[in-house]
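Enquirer: Below are the structure tokens for one structure; questions will follow.
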Amino acid sequence: MTLHSGRGFACINYPIGMNLGGDPAQALVHSTPDGKFMVTLSAIDLGQGMKSVTRQIAAEALGVPIDDVYVDTADSDTGPHDMGSFASRGTHRVGNAVIRAASEARAHMMEAAAEELEVSPADLDTDGAGNIHVKGAPTRRITVAETAIAAQFKQGRTLSGRGIFLIEPSGVDPDTGEMSPVTCFAHAALIIDLTVDDETGEVEVTKINSAYEVGRALNSRLVEQQLIGGAWMGVSHALYETTEPYYPDRREGPLDFNAYLMPGPGEIVPHDIAILERPAPDAPFGGKGPGEMCANPVLPAIANAVYNAVGVRIDALPITPEKILRGILAQGGARPQGQRG
Amino acid sequence: MPKIPVRFTLNEAEVGLFVEPQSNLLEALRRGAGDLSPKYGCGQGTCGACTVLIDGEPHLSCLTLAEAAEGRRIETTAGLAQGSSLHALQTAFIEGFAAQCGYCTPGMLMAAKALLDRNPRPSREEVIDAISGNLCRCTGYEPIVDAILAATEGRAA
Amino acid sequence: MIEIERLDDVARAPAPGPDVRVLAGGTLVMRALNYGGHGIGRILRLTDPALREIHSEGGGVRIGAAATMADVLAAPDLAALHPAAQVVGGPAIRNMATVGGNLFAPHPYGDFAMALLAANAQVHWADGRAEPIEAMLGARGRSAGIVAAVTVPRLQHSEFRFRKVSRTKPKGVSLMSIAAHLPRAGGRLGDVRIGFGAMGDRPLRATGAEQALSGRSLDPAAIDAACAACLDGLAPADDPLASEWYRRQVAPIHLRRLLEEVR
Chain A
0 MTLHSGRGFA CINYPIGMNL GGDPAQALVH STPDGKFMVT LSAIDLGQGM
50 KSVTRQIAAE ALGVPIDDVY VDTADSDTGP HDMGSFASRG THRVGNAVIR
100 AASEARAHMM EAAAEELEVS PADLDTDGAG NIHVKGAPTR RITVAETAIA
150 AQFKQGRTLS GRGIFLIEPS GVDPDTGEMS PVTCFAHAAL IIDLTVDDET
200 GEVEVTKINS AYEVGRALNS RLVEQQLIGG AWMGVSHALY ETTEPYYPDR
250 REGPLDFNAY LMPGPGEIVP HDIAILERPA PDAPFGGKGP GEMCANPVLP
300 AIANAVYNAV GVRIDALPIT PEKILRGILA QGGARPQGQR G
Chain B
0 MPKIPVRFTL NEAEVGLFVE PQSNLLEALR RGAGDLSPKY GCGQGTCGAC
50 TVLIDGEPHL SCLTLAEAAE GRRIETTAGL AQGSSLHALQ TAFIEGFAAQ
100 CGYCTPGMLM AAKALLDRNP RPSREEVIDA ISGNLCRCTG YEPIVDAILA
150 ATEGRAA
Chain C
0 MIEIERLDDV ARAPAPGPDV RVLAGGTLVM RALNYGGHGI GRILRLTDPA
50 LREIHSEGGG VRIGAAATMA DVLAAPDLAA LHPAAQVVGG PAIRNMATVG
100 GNLFAPHPYG DFAMALLAAN AQVHWADGRA EPIEAMLGAR GRSAGIVAAV
150 TVPRLQHSEF RFRKVSRTKP KGVSLMSIAA HLPRAGGRLG DVRIGFGAMG
200 DRPLRATGAE QALSGRSLDP AAIDAACAAC LDGLAPADDP LASEWYRRQV
250 APIHLRRLLE EVR
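Chains as they are written, first to last, in numbering that gives the first Met the number 0: chain A, 0 to 340; chain B, 0 to 156; chain C, 0 to 262.
Here it is in structure tokens:
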């Protein structure tokens, strides 16, 4: 038996969101009587951090402490319309809508505070700690809570805002097929190191090195978590997962998670990630969101690494030991492609 | 068919229920006792989301006959925190970003608790074996393994 | 549900069969019940603690049918079988899955039963009958009765080898599993027994490989001969994990790796 080492590379130019027939996202922000802010969305948090990131964005745009912001994503009956959590669009589309809604609510808040302090709203600023003060005179101030109470019980004013962010539909040029499907792209490059057993076709992924350009990592721990978990999913798609192991024949489909294969905790791959920040002009605070592209480049990089290791080019997923072994036997043995560096 | 009476201890509280014949413990915990912390994943014993401790050892509640819980001591994630004070494992999972969607988390926590109760200083390999019956779709397992190790004696954050 | 508290009372229970199933660890029967339990009429539940006992008996060890994989792992007398018990699921499954249940576990399960086959275990039925495990497995599905225990000869750990090939680690069902009993005397192998799991609808013996090795020294020529004959007696099929073709291709390779580890 020989274990052949292989290295594969892939890079990705990943569109944030889809064109759809126009892609709108909406957000509503309102304050409670005690100066907390509620952000109402229909974008769903599947665990990818929608709630955390929109909460950060709303707090930043409102100029209030993050502890005073609540995000409700639970109910598409009571929340404003959103296209959904898919296509890596959440941070970009919903984040922009939240900025607009929070900015409108902030304007109402500043007007209410200005009335209490008897100054012009333009002369006021927030300190991010729950206070609104006159620029250059931090002692002339009112708390956000006092402002909210005054607005609602004295002034008869709501501290609320509506936000919508729309990517307009892009028509297709009938002559050239040209269109503008998206407005911003994220990027990644990824290197896979693996070994292939030339007697069994078994693959062991030994190392992942990656660089992801995500605009701005609005929550760096969440970004890192998503990239690590996403790479696992990429390995899983590349080497294991299928509902039709004999495709196009549909027989022998797995009926449980013992037969529908996914790599286990004994196959954790060391993964070095470099997060590159190049804030996008039309993204909320520059953040594009890693989303699906945390899994995507892993697949071609593994296919390339298998080719590099034994000279077998697999073009159907998953890349099973059987496919690799058939390829090795068909070409009369492993044909390592060599490595530089 | 008539229902069957069953009594057990759930997180140190006495519980008495009537369960359907041939029904499983997971259903008894969720529908009968109102403890929604163990999750229904597959009902086949292949995902670990329903893991609970029975007399201190991990079991799959979906494959445990409800009436076989008679007189046994059941522990679930709902009983991990003492008042407002979280269990070291819960703290480590939060600080280590060891959950995304969270569906596997209760099973992971109970599998890890069973290990640490018996072996307070496990090796990385022992941690990996302890959660080997629990599927996670989000994290890639590494943050979970790291969090469990961080929760072990002397390393608690 | 029929609950039987004492094994002696088994005689008054209906014979197990398609519509009467014995509930032991629950990993097979509860799973079927959770999905509607089609065809399961009545459940026999045996709660006699004697059924879980593991103790020395004569020249071997008697394992109660309700002993779990965790019980096996806690028994020093069964050290040779620990590698096989260790790979039956994760810790929760090992606390539940029983030795008796494993005898009836369909493909691709039954790795522990396969190891018992290689160990030449005897199966003891509750009615007092006893038979070699190979006969019991061969008649599986056509015979009725309740297994009370198995007895295994005392095995030298160094003479018993187990290997499980899974796609995923550390837990994964068998693409195949192999157990080999390789007793040695005076530099030569005695009567070799080799079992394969997931290479048929039940654990099977690789009779060709056994004959190639028995009575010979474990040298490269004998290993070559064993690997060349390794598929005799096996009947692999396609399943979601691997095709019959792949299983036939790699069975000799995994047997070779197991044998070369011993040398």
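The beta carbon of each residue, even a glycine, is placed where N, CA and C say it ideally should be.
For C:GLY199, which residues in the same chain have their Cβ closer than 8 Å to its Cβ, ignoring the five residues on either side in sequence?
Expert: Annotation for C:GLY199: HIS106, LEU233, ALA234, PRO235 and ALA236 place their beta carbon closer than 8 Å to its own, counting only its chain and skipping 5 residues before and after.
Enquirer: Name the chain A residues whose beta carbon is nearer than 8 Å to that of C:GLY288?
Expert: Nothing can be reported for residue 288 of chain C, as the shown portion of chain C is limited to 0 through 262.
Enquirer: Along the alpha helix (DSSP H) that carries A:GLU291, what are the first and last residues, could you check?
Expert: No alpha helix (DSSP H) contains A:GLU291, which DSSP labels as neither H nor E.
Enquirer: Quick check: the segment 38-49 of chain B against the segment 70-84 of chain C, are at least 3 beta-carbon pairs closer than 8 Å?
Expert: no
Enquirer: Using the beta-carbon count (16 or more within 10 Å), is A:GLN55 buried or exposed?
Expert: buried
Enquirer: Could you pull out every residue in the same chain whose Cβ sits closer than 7 Å to the Cβ of C:ALA148, ignoring the five residues on either side in sequence?
Expert: ARG61, ILE62, GLY63, ALA64 and HIS123
Enquirer: Could one say the Cβ of C:TRP124 lies closer than 9 Å to chain A's Cβ atoms, at least one of them?
Expert: no
Enquirer: DSSP on A:ASP67, reduced to helix/strand/coil?
Expert: helix
Enquirer: In the structure shown, what three-state DSSP assignment does C:MET198 receive?
Expert: coil
Enquirer: I'd like to know whether the C-beta atoms of C:ARG201 and C:GLY109 end up nearer to each other than 9 Å.
Expert: Contact annotation: C:ARG201 and C:GLY109 have beta-carbon atoms nearer than 9 Å.
Enquirer: For B:PRO1, decide whether its Cβ has a neighbour in chain A, counting only Cβ atoms nearer than 9 Å.
Expert: no
Enquirer: Against chain A, which members of the segment 230-243 of chain C pass a CB distance test of less than 8 Å?
Expert: ASP237, ASP238, PRO239, LEU240, ALA241 and SER242
Enquirer: With distances taken between CB atoms, is the gap from C:ARG192 to C:ARG204 smaller than 9 Å?
Expert: By the CB criterion at 9 Å, C:ARG192 and C:ARG204 fall inside the cutoff.
Enquirer: Which residue wins for smallest C-alpha separation from C:ALA143, given the options C:PRO239, C:VAL19, C:ARG215 and C:GLU4?
Expert: C:VAL19
Enquirer: What do you reckon, are the CB atoms on B:SER131 and B:THR76 nearer than 9 Å?
Expert: no
Enquirer: Tell me the rounded alpha-carbon separation between A:LEU238 and A:THR319.
Expert: 6 Å
Enquirer: How is the alpha helix (DSSP H) around B:ASP116 delimited, first residue to last?
Expert: 104-117
Enquirer: In terms of alpha-carbon separation, which member of A:ASP192, A:GLY5, A:GLU321 and A:ASN130 lies closest to A:ILE141?
Expert: A:ASN130
Enquirer: Suppose contacts are defined by Cβ-Cβ distances below 9 Å. Is A:HIS236 in contact with A:ALA315 by that definition?
Expert: no
Enquirer: Can you give me the start and stop residues for the beta strand (DSSP E) that A:THR142 sits inside?
Expert: 136-142 is the extent of the beta strand (DSSP E) around A:THR142.
Enquirer: Determine the chain C residues that contact B:GLY47 at a beta-carbon separation under 8 Å, and present them in chain order.
Expert: GLY89 and ALA91
Enquirer: Return no unless some Cβ of chain D is closer than 9 Å to the Cβ of B:GLU141.
Expert: Going by chain labels, chain D is absent from the structure shown, which instead holds the protein chains A, B and C.
Enquirer: Closest to B:ALA48 by CA distance: which of B:ALA111, B:LEU115 and B:ASN133 is it?
Expert: Restricting attention to B:ALA111, B:LEU115 and B:ASN133, the CA atom closest to the CA of B:ALA48 is found in B:ASN133.
Enquirer: So for B:ILE73, helix, strand or coil by DSSP?
Expert: strand
Enquirer: Would you give the residue range spanned by the alpha helix (DSSP H) that C:PRO182 belongs to?
Expert: From DSSP, C:PRO182 is part of no alpha helix (DSSP H); its letter is neither H nor E.
Enquirer: Mind listing which residues of the segment 32-47 of chain B have their C-beta closer than 7 Å to chain A's C-betas, in chain order?
Expert: CYS41, GLN43, THR45 and CYS46
Enquirer: Under 7 Å Cβ to Cβ from A:HIS3, same chain only, skipping five residues before and after it: list those, please.
Expert: THR194, VAL195, ASP197, ALA308, VAL309, ALA333 and PRO335
Enquirer: Counting C-beta neighbours from all protein chains within 10 Å, is the total for B:SER60 16 or more, i.e. buried, or is it exposed?
Expert: buried
Enquirer: What is the rounded straight-line gap between the Cα of A:VAL38 and the Cα of A:ALA128?
Expert: 19 Å
Enquirer: Please report how far the alpha carbon of C:ALA241 lies from the alpha carbon of A:GLU321, in whole angstroms.
Expert: 7 Å
Enquirer: Classify A:LYS206 as helix, strand or coil using the three-state DSSP reduction.
Expert: strand
Enquirer: Out of C:HIS37, C:ALA79, C:ILE39 and C:GLN121, state which residue places its alpha-carbon closest to the alpha-carbon of C:GLU56.
Expert: Minimum Cα distance to C:GLU56 is reached at C:GLN121.
Enquirer: Given a limit of 8 Å on CB to CB distance, which residues of the segment 25-38 of chain C reach chain B?
Expert: GLY25, THR26, MET29, ARG30, LEU32, ASN33, TYR34 and GLY36
Enquirer: Just checking my contact of A:THR53 with A:VAL70 at CB under 8 Å: how many whole Å lie between their CB atoms?
Expert: 5 Å
Enquirer: For A:LEU298, which of helix, strand or coil comes out of DSSP?
Expert: helix
Enquirer: For B:ALA98, decide whether its Cβ has a neighbour in chain A, counting only Cβ atoms nearer than 9 Å.
Expert: yes
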